[in-house]
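See structure below.
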Amino acid sequence: MLQEPTLYTVKGMAILDNDGNRILAKYYDKKVFPTVKEQKAFEKNLFNKTHRANAEIIMLDGLTCVYRSNVDLFFYVMGSSYENELILMSVLNCLYDSVSQILRKNVEKRVVLENLDIVMLALDEICDGGIILEADSGNVVQRVALRADDIPLGEQTVAQVLQTAKEQLKWSLLK
Amino acid sequence: MGFKRDKKEEEDGGGNPFQNVEKTTVLQEARTFNDTPVNPRKCTNILTKILYLLNQGEVLGTMEATEAFFAMTKLFQSRDVVLRRMVYLGIKELAGVAEDVIIVTSSLTKDMTGREDMYRAAAIRALCSITDASMLQAIERYMKQAIVDRHAAVSSAALVSSLHLTRVAGDVVKRWVNEAQEAINSDSVMVQYHALGVLYHIRKSDRLAVTKLVAKLTRMSLKSPYAVCMLIRIAVRLVEDDEVSSDSQLFEFIESCLRHKSEMVIYEAAHAIVNMKRTTARELNQAVSVLQLFCSSSKPTLRFAAVRTLNKVAMSHPAAVTACNLDLENLITDANRSVATLAITTLLKTGAESSVDRLMKQISSFVSEISDEFKIVVVRAIRSLCLKFPRKHSVLMNFLSAMLRDEGGLEYKASIADTIITIIEENSEAKETVLFFYNTMLWYKNAFHTSASSLKIVNTPV
Chain B
1 MLQEPTLYTV KGMAILDNDG NRILAKYYDK KVFPTVKEQK AFEKNLFNKT
51 HRANAEIIML DGLTCVYRSN VDLFFYVMGS SYENELILMS VLNCLYDSVS
101 QILRKNVEKR VVLENLDIVM LALDEICDGG IILEADSGNV VQRVALRADD
151 IPLGEQTVAQ VLQTAKEQLK WSLLK
Chain L
1 MGFKRDKKEE EDGGGNPFQN VEKTTVLQEA RTFNDTPVNP RKCTNILTKI
51 LYLLNQGEVL GTMEATEAFF AMTKLFQSRD VVLRRMVYLG IKELAGVAED
101 VIIVTSSLTK DMTGREDMYR AAAIRALCSI TDASMLQAIE RYMKQAIVDR
151 HAAVSSAALV SSLHLTRVAG DVVKRWVNEA QEAINSDSVM VQYHALGVLY
201 HIRKSDRLAV TKLVAKLTRM SLKSPYAVCM LIRIAVRLVE DDEVSSDSQL
251 FEFIESCLRH KSEMVIYEAA HAIVNMKRTT ARELNQAVSV LQLFCSSSKP
301 TLRFAAVRTL NKVAMSHPAA VTACNLDLEN LITDANRSVA TLAITTLLKT
351 GAESSVDRLM KQISSFVSEI SDEFKIVVVR AIRSLCLKFP RKHSVLMNFL
401 SAMLRDEGGL EYKASIADTI ITIIEENSEA KETVLFFYNT MLWYKNAFHT
451 SASSLKIVNT PV
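In the order they appear, the protein sequences are chains B and L.
The first sequence begins at 1 in the working numbering and counts up by one.
The second sequence begins at 1 in the working numbering and counts up by one.
Shown next as structure tokens:
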């Protein structure tokens, strides 16, 4: 019953689409779902139990899972059933808010996939091997190196806008 | 219909640029990494595809991984920030599979000590993922510096990495205790938390050292709620281990956390007090009233945490929970079925005999929606209820029989069977209903083959 005090808090994080398929997922404890097959089976089960009820928290397979969804995306953070649920929730909020800021509030599957590199970097900034590395979405976004041309037009200088336009033209010709 | 599906697939395909990515093709593409000058956009894209495939569960052989890893090292030529960061991710992902990964040590050491702040923290974490005990000495000096760096990201990265490194080299980290001690005074919420984690890890086998650490930290009032939660857990451990003279100062600290401004800390403290052996009735009441407040929160997670803890208190101190009965009543129709289940089972433990029928009816309306974990919670509640109110056995047995016929895992079914056995053994009146159950159990036995408990039930003399 008495848990060893440790920084290893998060068992896993996942972003699923609206069919319950994995977009990105990370598991940090080798003892929990050692194979990808088990992980995906768990994700399917989790999705089936959560996609209709927007209830924010569920216990499944001995894990406490907190979740949030938007349009066609589902965000999950998993921890042990002894973990403080509010700590897990703070990680989930950070994950969601970071992704939301990276995608400029267009939290949907297509946009996630278009920015998958930055979303991967964000996941890596939030949790390192099961330890919560950062729980403030502002800090996470600052650390994931958003590209200059991703800054909204209003905040760019004229030179940057021209440069971006040139780049985009070049790429549209190359495609 | 067919047309619709085609269209949907088409849309999905168009929306997912990674849908048709194949391992062999991507690894071919990775040869582009050798080109000079490096095209950052193109290479980032290829690297993203590789990492995506790995994340989807694709397995690379040692040869493939090593080849990809070496191609990736060429990308260090580019100064593009996103690309460099993706290379770090790639290093971490492939570190376990590829051979000779230590080849990037000098590049990473350069980045970790360099001037580009966007690189440093992430470089430390990548470096430590390829470091083994023999190499640790070479980077020790830089790690010490990084722990006390004024950038929170760098300091956190170094602290967290040093904790991971205890797996490959348990002792080296002990030499960094002074730096960790300095980091605990940081203004950053996370650095403080990570520093405490490292300090506790270094000292946990030395009880006196832990006592001193806790005494010092409880006095300096930590800024980070995460660190305070951790400190509460350490304090609980000290109090629980010490059976002779319980240190009242430690308990006072935990109690004072009930008035913390962060909900996370308040809940941690309440949860700790409820679960401690030495808690007196008065102290318990304080914790329970905090949990009672959380029951009416607008956040489902807070309600869940509160009612889950109250459910536990109801087992050991049902009287303490009766004060919350009104709040629990409000939760029995909660949209979160786990919250509703916990509220109902708590009420069953603390309420009067007259409310049993009503509560059982409420719970049967959604029992099929909840997970096995919670069905077991329900079964356990019914067991204690039957022992408490023997006259209610027919309502409860009916409910159990319905549950037994529903879908569910073996563990869940076994818990029902065990409960039925207990009821039969404890209650002579219930024996009459057993014949009816005998049939159910036979059906169950045939449907699920034999499990230990179902056999036991079938053999119970009727």
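Positions of the beta carbon are idealized from the N, C-alpha and C atoms, including for glycine.
CB contact check: CYS90 of chain B to chain L, cutoff 8 Å
On the first sequence, residue 90 of chain B is found 90 positions in, with the first residue counted as 1. It is worth fixing the name first, because residue 90 of chain B is Ser in this sequence and not Cys. Yes, SER90 of chain B counts as interfacial toward chain L.
Endpoints, the alpha helix (DSSP H) within which GLY197 of chain L is located:
Position 197 of the second sequence, counting from 1, holds the residue named residue 197 of chain L. Per DSSP, GLY197 of chain L belongs to the alpha helix (DSSP H) from 189-203.
With a threshold of 8 Å between beta carbons, is PRO300 of chain L in contact with chain B?
The residue given as residue 300 of chain L occupies position 300 in the second sequence. Chain B contact via Cβ: present.
Anticipated Cβ contact below 8 Å, SER156 of chain L with VAL191 of chain L, distance rounded:
Residue numbering aside, residue 156 of chain L sits at position 156 when the second sequence is read from its first letter. Residue numbering aside, residue 191 of chain L sits at position 191 when the second sequence is read from its first letter. 5 Å between Cβ atoms; contact.
What's the C-alpha gap between VAL236 of chain L and THR301 of chain L?
For this step, residue 236 of chain L is matched to residue 236 along the second sequence. For this step, residue 301 of chain L is matched to residue 301 along the second sequence. Answer to the nearest angstrom: the Cα atoms are 24 Å apart.
Run through chain B and tell me which residues come within less than 8 Å of GLU263 of chain L, C-beta to C-beta.
Here the question's residue 263 of chain L lines up with position 263 in the second sequence. Ordered by position in chain B, the residues that pass the 8 Å Cβ test against GLU263 of chain L are LEU86.
Of all the options L:SER371, L:ILE421, L:ALA417 and L:SER355, which has the alpha carbon lying nearest to the alpha carbon of PHE389 of chain L?
Working through the second sequence from its first residue, we reach residue 389 of chain L at position 389. Residue L:SER355 is the option with its Cα nearest to PHE389 of chain L.
Name, going along the chain, the residues of the stretch 33-56 of chain L whose beta-carbon falls closer than 7 Å to a beta-carbon of chain B.
THR44, THR48, LEU51, TYR52, ASN55 and GLN56
According to DSSP, is TYR82 of chain B helix, strand or coil?
For this step, residue 82 of chain B is matched to residue 82 along the first sequence. DSSP places TYR82 of chain B in coil when its eight states are reduced to three.
Return the Cβ separation of SER338 of chain L and PHE294 of chain L in integer angstroms, given the expectation that the two are a contact with Cβ distance under 8 Å.
Counted from its first residue, the second sequence places residue 338 of chain L at position 338. Counted from its first residue, the second sequence places residue 294 of chain L at position 294. Contact flag wrong, Cβ pair sits at about 15 Å.
How long is the line joining the alpha carbons of SER384 of chain L and LYS375 of chain L, rounded to whole angstroms?
Mapped onto the second sequence, residue 384 of chain L falls at position 384. Mapped onto the second sequence, residue 375 of chain L falls at position 375. If I take the Cα positions, the gap works out to 15 Å.
Beta carbon proximity, ARG22 of chain B to chain A, threshold 8 Å
Structure shown: chain A not included; protein chains present are B and L.
Residue interval of the beta strand (DSSP E) (run including THR64 of chain B):
Looking up residue 64 of chain B in the first sequence gives position 64. It spans 63-70 - the beta strand (DSSP E) in which THR64 of chain B sits, taken as one unbroken run.
Following the continuous beta strand (DSSP E) through ALA30 of chain L, name the residue where it begins and the one where it ends.
Mapped onto the second sequence, residue 30 of chain L falls at position 30. Looking at the DSSP string, ALA30 of chain L is not in any beta strand (DSSP E), and its letter there is neither H nor E.
Between the beta-carbon of SER69 of chain B and the beta-carbon of SER98 of chain B, is there less than 8 Å?
Stepping through the first sequence from its first residue, residue 69 of chain B is reached at position 69. Stepping through the first sequence from its first residue, residue 98 of chain B is reached at position 98. Contact: no.
So is ILE151 of chain B in contact with chain L if we call contact Cβ pairs under 8 Å?
Reading the first sequence from its first residue, position 151 is the one you call residue 151 of chain B. The predicted model places ILE151 of chain B with a pLDDT of 49, which falls under 50 and marks its position as unreliable, so this point remains unresolved.
Would you identify the three-state DSSP class for MET276 of chain L, choosing helix, strand or coil?
In the second sequence, counting from the first residue as 1, residue 276 of chain L sits at position 276. Coil, per DSSP.
For a contact defined as C-beta to C-beta under 7 Å, what are the partners of VAL36 of chain B on chain L?
Taking the first sequence and counting its residues from 1, the one referred to as residue 36 of chain B is at position 36. The answer, in chain order, is GLY57.
Under a Cβ-count criterion, where at least 16 other Cβ atoms within 10 Å of its own Cβ denotes burial, should THR36 of chain L be classed as buried or exposed?
As a first step, residue 36 of chain L is located in the second sequence; it is residue number 36 there, counting from the start. With fewer than 16 Cβ atoms within 10 Å of its Cβ, THR36 of chain L is classed as exposed.
Evaluate GLU268 of chain L with the Cβ neighbour count: other Cβ atoms within 10 Å of its Cβ, from every protein chain shown; 16 or more gives buried, anything less gives exposed.
Taking the second sequence and counting its residues from 1, the one referred to as residue 268 of chain L is at position 268. Buried.
Quick one: what's got a C-beta closer than 6 Å to LYS49 of chain L's C-beta in the same chain, skipping five residues either side?
Along the second sequence, one-based indexing puts residue 49 of chain L at 49. Same-chain partners within the cutoff: VAL21 and VAL26.
Buried or exposed (CB count within 10 angstroms, at least 16 for buried), GLU478 of chain L
This structure leaves residue 478 of chain L out entirely; chain L is present only between 1 and 462.
Distance, Cα to Cα, ALA395 of chain L vs ASP357 of chain L?
As a position in the second sequence, residue 395 of chain L is number 395, starting the count at 1. As a position in the second sequence, residue 357 of chain L is number 357, starting the count at 1. It should be noted that the sequence gives Val, not Ala, for residue 395 of chain L. Their Cα atoms are separated by approximately 7 Å.
Taking only the alpha-carbon atoms, compute the straight-line gap between SER221 of chain L and VAL313 of chain L and give it to the nearest angstrom.
Here residue 221 of chain L is taken as the residue at index 221 of the second sequence, counted from 1. Here residue 313 of chain L is taken as the residue at index 313 of the second sequence, counted from 1. If I take the Cα positions, the gap works out to 29 Å.
Just to confirm before moving on: does the CB-CB distance between ILE139 of chain L and VAL101 of chain L stay below 8 Å?
For the purposes of this step, residue 139 of chain L is taken as residue 139 along the second sequence, with counting starting at 1. For the purposes of this step, residue 101 of chain L is taken as residue 101 along the second sequence, with counting starting at 1. The answer is no: Cβ separation not under 8 Å.
For the stretch 382-414 of chain L, list every residue whose C-beta sits within 8 Å of some C-beta in chain B, in sequence order.
none
Looking at the strands, I want to know which residues DSSP matches up with ARG22 of chain B.
The count along the first sequence starts at 1 and reaches residue 22 of chain B at position 22. ARG22 of chain B is bridged to B:LEU16.
Taking Cβ-Cβ distances shorter than 7 Å, what residues in chain L pair up with GLU43 of chain B?
Here residue 43 of chain B corresponds to residue number 43 of the first sequence, with the count starting at 1. Result: empty, since nearest Cβ-Cβ is about 11 Å, beyond 7 Å.
Residue of L:LEU163, L:MET118, L:ALA121 and L:ILE103 minimising C-alpha distance to MET135 of chain L:
Working through the second sequence from its first residue, we reach residue 135 of chain L at position 135. Closest by alpha carbon: L:ILE103.
Between which two residues does the beta strand (DSSP E) holding ILE57 of chain B run?
Along the first sequence, read from residue 1 onward, the residue named residue 57 of chain B stands at position 57. Element bounds for ILE57 of chain B: 57-60.
Assign GLY409 of chain L to buried or exposed, taking buried as 16 or more other Cβ atoms, counted over all protein chains shown, within 10 Å of its Cβ.
To locate residue 409 of chain L, count along the second sequence from 1; it is residue 409. Its Cβ having fewer than 16 others within 10 Å, GLY409 of chain L is exposed.
Would you decide whether ARG141 of chain L is buried or exposed? Buried here means 16 or more other CB atoms lie within 10 Å of its CB.
Taking the second sequence and counting its residues from 1, the one referred to as residue 141 of chain L is at position 141. It is exposed - the Cβ of ARG141 of chain L has fewer than 16 other Cβ atoms within 10 Å.
Taking all protein chains shown into account, do 16 or more other C-beta atoms lie within 10 angstroms of the C-beta of VAL71 of chain B, making it buried, or fewer, making it exposed?
Stepping through the first sequence from its first residue, residue 71 of chain B is reached at position 71. Under this definition VAL71 of chain B is an exposed residue.
Quick one, are the C-beta atoms of VAL239 of chain L and ARG282 of chain L less than 8 Å apart?
If you number the second sequence from 1, residue 239 of chain L lands on position 239. If you number the second sequence from 1, residue 282 of chain L lands on position 282. Not a contact, by the Cβ cut-off of 8 Å.
What does ALA122 of chain B reach in chain L if we use C-beta pairs closer than 7 Å?
Taking the first sequence and counting its residues from 1, the one referred to as residue 122 of chain B is at position 122. Result: empty, since nearest Cβ-Cβ is about 11 Å, beyond 7 Å.
Among the residues of its own chain, which have a CB less than 8 Å from the CB of VAL245 of chain B, if the five just before and after it don't count?
The structure shown does not extend to residue 245 of chain B, since chain B spans only 1 to 175, so no value can be given for it.
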